[in-house]
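Q: Under the numbering used here, think of the first position of the sequence shown as 588, with each following residue one higher. Quick one: the structure is below, questions incoming.
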Amino acid sequence: MADHTQDESGIVPFLRSGPPPDCTTWEGWQQWQRQRGTFVAAPRLSLEQYAALSPRRRALNDLHRTATHVNMGLLETPMSARVTKLMRGRLRNNALNFEPGTRDGLMISGGGFLGKTETACAAAAAFTGSFCPARFPAPATCY
């Protein structure tokens, strides 16, 4: 059996296997937190480097570039920075509030595809990653 190099193997590391994580469940949220920020963008190739690729590698490079465009990182804007700061403060205060009653919330409004969900999820994940290990000895007991 011939040895396969990474270039010729059937594994394409930049494609997700299976459905996206369901962030409405604890397991899905944990999976999303582990996977966030792990995507590696396609390398920039010169015309000569691209021409030197085999047809299969060229097709994989084109697919990787498409995946890179689809997975472009969310840019921080003054509004997203303000929402993140406010949300982290609310999460911290609510996590430390032991009195019964209503907790402070946050309404994020705006048009579609502006990054509201991604901003909120990133802020919640950052809070979970910093607060839970400090507060709870085992990750499973956080929440």
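Where is the CB? At the ideal position from N, CA and C, for every residue including glycine. Computed from a prediction, not measured in an experiment: that's the story for all the values here.
Between the C-alpha atoms of PHE718 and LYS703, what's the straight-line distance to the nearest angstrom?
A: 22 Å
Q: Identify which residue in GLU705, PHE714, THR664 has its Cα closest to the Cα of CYS610.
A: The residue among GLU705, PHE714, THR664 with its C-alpha nearest the C-alpha of CYS610 is GLU705.
Q: Out of curiosity, what's the CA-to-CA distance linking GLN617 and GLU635?
A: 42 Å
Q: Less than 8 Å separating the beta-carbons of ALA710 and THR671?
A: yes
Q: Near THR655, which residues of its chain fall below 6 Å by C-beta distance, leaving aside the five closest residues on each side in sequence?
A: ALA628, ALA629
Q: Using the rule of at least 16 other Cβ atoms within 10 Å of the residue's Cβ for burial, across every protein chain shown, is HIS591 buried or exposed?
A: Per-residue confidence for HIS591 stands at a pLDDT of 37, beneath the threshold of 50, marking its modelled position as unreliable; no derived number is given.
Q: Three-state secondary structure (DSSP) at SER717?
A: helix
Q: Which runs of the alpha helix (DSSP H) spanning at least 4 residues fall entirely within the segment 654-691, listed in chain order?
A: You should have 665-683.
Q: Is it true that the CB of PHE626 sits closer than 8 Å to the CB of ASN658?
A: yes
Q: Is ASP649 helix, strand or coil by DSSP?
A: helix
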